Each structure stands twice: as C-alpha cells, then as structure tokens.
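Per numbering that gives the first Met the number 0, residue 0 is the first one in the sequence shown, and the count goes up by one each step.
Worksheet for the structure shown next.
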Amino acid sequence: MSNLIVIAFQNEADAFEMRARLVKLQSQYLIEMEDAVVVTRDPQGKVKLHQPVNLAAAGAMRGTLW
0 MSNLIVIAFQ
10 NEADAFEMRA
20 RLVKLQSQYL
30 IEMEDAVVVT
40 RDPQGKVKLH
50 QPVNLAAAGA
60 MRGTLW
C-alpha cells in the first residue's frame, strides 16, 4: 500500500532540511521512502519540483543501456 504525505513549510530552507533528515533516517533503515520531492513556487507562480534524482538523466541512462 502506498501513502502520500504532504508537509508545508514557511520557507524553502526548512523543506530542504527536512528532506535531508528524512534521507538520513532512511539510510539508518528507520523509515522507507520511494521519493521525497520539495515543491517550490517562484514569485510569478511557476512551480518547480526539486527531486533528489534527475529523472531525465536516469531515463537517458536507461535508454543507452538497451
């Protein structure tokens, strides 16, 4: 079963710090995550996803292996 958990922060720094802490907990086998994405919005309203793994690069690498 999958769960989606969303946590809102007042600033980006706190969100990135929380993601780093979650990654550390996962490396200690205390939690299990599929992904942890920080979503930000610039002053013009454009949304950006900050993923720990560049999915475009990962997809390109898979394509070169086949």
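Every residue gets a Cβ at the ideal spot worked out from N, C-alpha and C, and that includes glycine.
In this text, all values refer to a predicted model and were calculated from it rather than measured experimentally.
Asked, Found
"Exposed or buried, which one is Ala14 when buried takes at least 16 other CB atoms within 10 Å?", "buried"
"Rounded to the nearest angstrom, how far is the Cβ of Val37 from that of Val46, given a contact under 8 Å?", "In fact, because the Cβ distance is near 11 Å, the residues do not count as touching under 8 Å."
"Could you check where the beta strand (DSSP E) with Leu3 kicks off and where it finishes?", "Premise fails: Leu3 is in no beta strand (DSSP E) and is neither H nor E."
"Since Met17 and Gln25 are thought to touch, with beta carbons under 8 Å apart, how far apart are those beta carbons, to the nearest angstrom?", "In fact, because the Cβ distance is near 13 Å, the residues do not count as touching under 8 Å."
"I need the DSSP call for Lys45, collapsed to helix, strand or coil.", "coil"
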